[in-house]
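Everything on this sheet refers to the single structure shown next.
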Amino acid sequence: MSLPLSAGQRSHRAWPETLHAEWTKLRTLASTGWLLAGAVALTVAVSTAAVAAAAVAPGVDLAKLSLTGIQAGQAVAVILAVLAISNEYSTGMIRVTLTAMPRRHTVLAAKAALVGGLVLAAGAVTVLASVLAGRLILPERGFTPANGYQLLSLGNGPDLRAACGSVLYLALVALLALGIAAVVRDSAVAIGTVLALLYLFPIAAAVVSNHHWQRHLEQIGPTTAGLYIQATAGVHALPLTPWQGLGVLALWAMGALILGGLVLRFRDA
Amino acid sequence: MTTITPYRSPVQDGPDGFPQLLHAEWTKFRTVRGWVIGMIVAILVTAGLGLFLVAASGNVSCGVSSTGGGSGPVRHGAAACGPPPLLQGPAGEPVTDSFYFVRQPLTGNGSITVRVTSLTGVPPGPMQPGLMPWSKAGILIKQDLSQGSAYAAMMVTSGNGVRMQWNYTGDTPGLSGAVSAASPRWLRLTRDSDTITGYDSTDGAHWTQVGAVHLAGLPSAVQAGLFATSPQYIAISTSFGSGNVNNNQTVATAVFDHVRRSGAWPAITWTGGDIGPATEGIQGFPQGYHQAAGRFTVTGSGDIAPAIPGPGNGNEGHEPIGFFLAGTVAGLIAVIVVATMFMTAEYRRGLIRTTLAVSPVRGRVLAAKAIVIGSAAFVTGLAAAVGTVIVATGEAHASGYSLWPVPWPAELRLIAGTAALVAVAAVLTLAVATMVRRSAAAVMLVIVAIVVPYFLTFTAAVPAVIGEWLLRITPAAAFAVQQSTPRYHHVQAAYLPGLGDGFFPLAPWAGLAVLCGWAALALAGAAYLLRRRDA
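Here the protein sequences line up with chains A and P, keeping their order.
Residues in the first sequence are numbered from 202 upward in steps of one, following our numbering.
Residues in the second sequence are numbered from 14 upward in steps of one, following our numbering.
Laid out in structure tokens, this is it:
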């Protein structure tokens with residue numbers, strides 16, 4: 202017979218237990234594994250296709266090119282993050298969760314930590330595979346040192362920044378999705394909203410012909426600004442530095458999580 | 014033995030035909046507030062984005078200039094402000110009209126005949142070909158010397174044989190093969206009142222009629238003579254996130270002899286001059302002509318052709334209206350979400366069991382749902398497209414932004430096509446949702462199939478080759494209905510979706526047919542699974 206925990210002990214143990222509970226929920230869903238595998242496969246496939254179709258032209262950014270797939274793979278990371286919350290609402294599980302763990306912020310923080318961690322791990326695999334594909338295929342497409350193109354290498358500062366930044370980018374997109382899912386609760390609406398946010402800014406920036414507006418849209422869009430981290434050529438011409446760009450995405454993610462936390466705190470589940 | 018009479022409800026059977034099923038599904042759709050709001054959001058987002066894009070584009074000019082009133086391009090007061098005004102051809106379509114013209118007036122009916130023995134360009138360099146396939150030289154009859162006036166011409170081209178072209182958009186092939194001293198080409202243009210007839214020949218004795226065109230309102234005195242011109246060389250490189258277009262001038266030099274005329278040619282000598290702004294040509298090969306012993310050598314640069322919109326074609330700042338329908342993709346996301354929930358909500362709440370108990374013929378349930386969501390989406394798409402066209406046109410007039418003129422049939426097709434695109438996409442979504450049953454998976458699949466390919470090509474995130482294929486085979490091909498201006502086979506240009514030009518690899522209705530094909534496939538799969546699986 203174990204003694205009931207005192208109030209102090211309980212609050213002390215709340216965080217690891219919440220984390221453990223959330224991990225069990227996430228781990229035992231069949232969809233989690235499939236989605237992670239899907240994110241990796243889709244990203245690497247699109248990156249490889251982009252690299253294999255590339256042609257030598259002035260101003261090609263090799264790191265950016267070989268990480269093209271992130272643009273498609275982020276969509277899968279979004280589903281993973283959205284399902285982590287909206288599944289609980291669709292099955293009513295959220296009421297059990299919040300009864301067992303009444304500290305709602307802690308629940309959201311645990312979910313964020315786990316989803317972020319999983320996406321970071323999958324992102325690292327993805328980015329390594331994409332960079333490897335780029336390194337192997339690009340020289341065959343004419344991007345050789347003889348033509349003035351350096352081989353992709355993680356020992357090279359900007360390339361390393363692009364690679365690590367892309368992993369962080371995926372994790373931040375997942376956190377943004379998690380925050381929005383906590384606000385809107387329904388999986389379809391959450392995925393629609395997040396993808397509209399992700400894809401709308403680049404499309405609007407591509408379409409608008411005023412350069413002033415184009416810069417503004419790129420600066421504030423979560424995808425456009427966030428992907429500055431992949432730039433290794435012409436970095437000085439960008440409206441923001443690569444890390445500032447990733448910072449814009451981090452602000453979006455933080456804003457969404459805070460909003461999600463507030464809604465979770467003040468609205469009935 | 015007692016016989017058991019089965020129980021029969023004293024309540025009379027209600028009508029259970031297809032109209033009742035439709036009515037039931039319509040009631041389900043109409044009474045969920047979130048779905049109706051979702052459709053309204055789709056309309057507002059599409060039109061709002063269109064309005065924003067025009068407003069943001071309209072600020073290009075320095076200061077707001079007043080509109081001239083009525084249709085036609087808005088001319089900005091100061092030449093330095095905003096994009097240059099569009100040049101319009103006889104039918105009102107934007108055109109390019111610049112070439113070197115060695116001409117004389119021709120009064121009344123008459124004809125001109127020449128022999129062309131050579132068409133050459135500058136020596137080709139590593140980044141520059143000598144001639145473009147549509148570099149051209151020949152004889153031309155033109156209404157007057159102003160740019161954009163009516164004309165008809167017989168010409169030899171560098172890569173497309175002999176052609177007869179008229180009024181920018183008209184083009185008919187004549188003799189094939191390249192011109193050379195060993196294989197010269199004879200060309201003849203005959204004017205008879207408003208009709209101009211073109212002939213070609215390999216020997217000057219046996220003539221073949223290439224075409225006869227009617228140029229309405231041709232004055233008695235026209236300009237006729239020899240011309241040469243060569244369009245820009247366009248090199249497109251698309252790398253991740255950015256597309257670069259390099260334009261370079263090219264020049265064509267043609268050698269003519271055996272110039273013969275009939276009819277009334279009042280001038281004594283030939284006059285050479287640029288049509289359009291005088292260009293330098295390429296260094297060392299200036300535009301101009303040289304006449305010696307009946308031989309004319311004419312060098313020109315430019316093009317006589319319909320203009321193609323887009324910054325890649327030197328026409329930045331004048332976008333056609335279809336371009337401002339770019340917000341459709343955002344509205345479509347909202348419609349996809351609603352169409353998904355229209356089916357998945359049934360599974361989530363278990364309502365599907367009631368639905369199928371009431372109407373056991375499952376295919377009919379699917380058909381009724383498809384009709385309801387398709388019609389609702391069609392109305393949404395129609396409202397979104399009409400709203401966008403109205404607010405974008407209004408904002409363009411207010412801010413002095415000059416839209417690329419689009420003829421009304423094309424504008425009508427843009428609107429109807431957009432509505433059809435949204436409707437068919439909603440039906441596709443419904444079918445996918447029936448197959449996968451889960452909201453998240455259905456929304457994602459459809460967005461990855463429609464929105465992501467569009468996004469990847471439009472933002473030039475993938476190389477143009479992949480983008481072209483994505484817009485051929487994925488459901489995103491249907492966005493071709495939003496292409497405002499046609500592709501001309503006789504104009505080489507940057508016909509890309511990615512660089513803000515709005516060109517698609519498939520013809521508008523062919524693109525929509527691709528989406529319809531996907532929707533039909535998905536519906537068949539959905540009908541099969543709905544019948545074979547337990548609900």
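Idealized CB from N, CA, C, for every residue including glycine.
{"query": "Let's see if you can read the secondary structure: which residues bound the beta strand (DSSP E) around PHE112 (chain P)?", "result": "108–133"}
{"query": "Could you name the residues of chain A that ALA69 (chain P) contacts, counting a contact when the two beta carbons are closer than 7 Å?", "result": "VAL409, ASN411, TRP414"}
{"query": "Roughly how far, in whole angstroms, is the beta-carbon of LEU62 (chain P) from the beta-carbon of ARG377 (chain P), given that I think they are within contact range, below 8 Å?", "result": "Not a contact, Cβ separation roughly 38 Å."}
{"query": "So with CB distances below 7 Å, who are the chain A contacts of MET448 (chain P)?", "result": "Neighbours of MET448 (chain P) on chain A: none; closest Cβ ~15 Å, over 7 Å."}
{"query": "Under a CB-based cut-off of 8 Å, is VAL385 (chain A) close to chain P?", "result": "no"}
{"query": "For the segment 360–370 of chain P and the segment 393–412 of chain A, state whether three or more C-beta atom pairs, one from each stretch, are separated by less than 8 Å.", "result": "no"}
{"query": "Tell me the start and end of each unbroken alpha helix (DSSP H) in the segment 333–412 of chain P that is at least 4 residues and wholly inside, in chain order.", "result": "341–362, 364–371, 375–412"}
{"query": "Should HIS503 (chain P) go down as buried or exposed, given a rule of 16 or more other Cβ atoms within 10 Å for buried?", "result": "buried"}
{"query": "Please confirm whether TYR400 (chain A) has its beta-carbon closer than 8 Å to some beta-carbon of chain P.", "result": "yes"}
{"query": "I'd like to know if THR44 (chain P) contacts chain A, where contact means its C-beta is closer than 8 Å to some C-beta of that chain.", "result": "no"}
{"query": "Just tell me which of P:VAL374, P:LEU64, P:LEU441 has its CA closest to the CA of TYR414 (chain P).", "result": "P:LEU64"}
{"query": "Of the residues that make up the segment 343–363 of chain P, which ones have a beta carbon closer than 8 Å to any beta carbon in chain A?", "result": "ALA343, ILE346, ALA347, ILE349, VAL350, THR353, MET354, THR357, ARG361"}
{"query": "For GLY327 (chain P), which option in P:ALA218, P:ALA343, P:ASN261, P:ALA381 has the closest C-alpha, if you only look at C-alpha atoms?", "result": "P:ASN261"}
{"query": "Using three-state DSSP, classify GLY301 (chain P) as helix, strand or coil.", "result": "strand"}
{"query": "Check whether the segment 360–371 of chain A touches the segment 325–339 of chain A, counting contact only when three or more Cβ pairs, one atom from each stretch, lie closer than 8 Å.", "result": "yes"}
{"query": "Which of the three DSSP states, helix, strand or coil, is assigned to ARG201 (chain P)?", "result": "strand"}
{"query": "By a C-beta neighbour count over all protein chains shown, 10 Å radius and 16 as the cutoff for buried, is THR292 (chain A) buried or exposed?", "result": "exposed"}
{"query": "Could one say the Cβ of VAL316 (chain A) lies closer than 8 Å to chain P's Cβ atoms, at least one of them?", "result": "no"}
{"query": "Apart from the five residues just before and just after GLY286 (chain P), which ones in its own chain have a Cβ nearer than 7 Å to its Cβ?", "result": "PHE114"}
{"query": "Across which residues does DSSP place THR170 (chain P) in a beta bridge pair?", "result": "P:LYS149"}
{"query": "ARG128 (chain P) and PRO197 (chain P): beta carbons closer than 8 Å?", "result": "yes"}
{"query": "Any beta carbon from chain P within less than 8 Å of ILE404 (chain A)'s own beta carbon?", "result": "yes"}
{"query": "Would a check of beta-carbon distances place ALA490 (chain P) closer than 8 Å to chain A?", "result": "no"}
{"query": "Is the beta carbon of ALA375 (chain A) closer than 8 Å to that of VAL328 (chain A)?", "result": "no"}
{"query": "Residues of chain P with CB closer than 7 Å to the CB of VAL390 (chain A), please, in chain order.", "result": "VAL350"}
{"query": "Short of 8 Å in beta carbon distance, which residues of its chain neighbour ILE428 (chain P), apart from the five on each side in sequence? Order them along the chain.", "result": "LEU395, ALA398, VAL399, VAL402"}
{"query": "What residues from chain P crowd round SER291 (chain A), counting only those whose CB sits closer than 7 Å?", "result": "ARG361"}
{"query": "Just to confirm, are GLU332 (chain P) and SER410 (chain A) a CB contact at a threshold of 8 Å?", "result": "yes"}
{"query": "Can you find a C-beta in chain P that's less than 8 Å from the C-beta of ILE286 (chain A)?", "result": "no"}
{"query": "Within 8 Å, do at least three Cβ pairs link the segment 517–531 of chain P to the segment 364–384 of chain P?", "result": "no"}
{"query": "Out of P:LEU99, P:ILE56, P:GLY330, which has the shortest C-alpha to C-alpha gap to HIS412 (chain A)?", "result": "P:GLY330"}
{"query": "Starting from the Cα of PRO97 (chain P), find the closest Cα among P:ALA491, P:LEU416, P:ARG545 and give me that residue.", "result": "P:LEU416"}
{"query": "Within its chain, find whatever has a CB closer than 6 Å to the CB of GLN415 (chain A); leave out the 5 residues flanking it on each side and keep chain order.", "result": "ALA406, VAL409"}
{"query": "Listed in chain order, which residues of the segment 448–463 of chain P have Cβ atoms closer than 7 Å to some Cβ of chain A?", "result": "SER452, ALA453, VAL456, MET457, ILE460, VAL461"}
{"query": "Using 8 Å as the limit for Cβ to Cβ distance, is ILE280 (chain A) near chain P?", "result": "yes"}
{"query": "Interface residues of chain A around GLU408 (chain P) at Cβ under 9 Å?", "result": "Correct list: empty, because the minimum Cβ distance to chain A is about 13 Å."}
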